[in-house]
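Let me begin by presenting the structure, written as structure tokens, before commenting on it.
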Amino acid sequence: MKKQLIELLDTIIKYLSKLINATDEIAEQFQLGNEGKAIQLLKAYIEGIAWLVEAIETIQSLDQKYLSNILIRTLTEKLIEMEASLTNQDYVLFSDLLQYEMKEILIDYQREIEQFYGEMNNGK
């Protein structure tokens with residue numbers, strides 16, 4: 001099971017890098033007025049976020065100490081804010097939330113997961 005956990009953590013770390021990069025790309029497309037392309041990218045991004053949440057919750061369900069510093073609630077609260085800005089077609093606010101808040105959440109998650117990955121690889 002430890003090997004599978006390490007493999008999942010490795011996959012999450014790689015995927016988080018892609019999500020972080022996509023965060024900037026989506027925000028940039030909205031800022032350039034390319035709403036159609038931005039929405040298209042956003043659909044895949046949301047699917048990626050859903051997978052990330054599922055993967056983190058799977059790991060957390062194995063042991064309450066695993067990734068205990070990652071609060072999914074923080075992410076879901078930000079997604080609700082972002083949804084409201086999209087509903088209001090406030091693409092400036094949406095881009096700001098994405099670039100300056102969502103990106104930071106993902107970077108924090110990445111840090112926590114990389115640290116946990118290192119601990120698991122070193123047999124702690």
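Residue numbers for the sequence shown follow full-length UniProt numbering, so the first one is 1 and each next one is one higher.
Yeah, the Cβ is synthetic: ideal placement off N, Cα and C, and Gly gets one too.
Computed from a predicted model, the values in this text were never measured in an experiment.
Can you name the start and end residues of the alpha helix (DSSP H) that MET102 belongs to?
Along the sequence shown, one-based indexing puts residue 102 at 102. Run containing MET102: none; DSSP gives neither H nor E here.
Note down the Cα distance separating SER85 from THR58, rounded to an integer number of angstroms.
As a first step, residue 85 is located in the sequence shown; it is residue number 85 there, counting from the start. As a first step, residue 58 is located in the sequence shown; it is residue number 58 there, counting from the start. Using only the alpha carbons, I get a separation of about 30 angstroms.
Candidates PHE30, LEU32, LEU5: closest to PHE62 by CA position:
Within the sequence shown, the letter at position 62 stands for residue 62. Going by the sequence as given, residue 62 is Leu instead of Phe. Measuring C-alpha to C-alpha distances from LEU62 to each of PHE30, LEU32, LEU5 identifies LEU5 as the nearest.
When DSSP labels each residue in this structure, what does SER68 get in the three-state scheme?
Indexing the sequence shown from 1 puts residue 68 at position 68. Of the three classes helix, strand and coil, the one that applies to SER68 here is coil, per DSSP.
Segment contact, 8 angstroms Cβ cut-off, at least three pairs: the region 63–70 with the region 25–45:
The region 63–70 is not in contact with the region 25–45.
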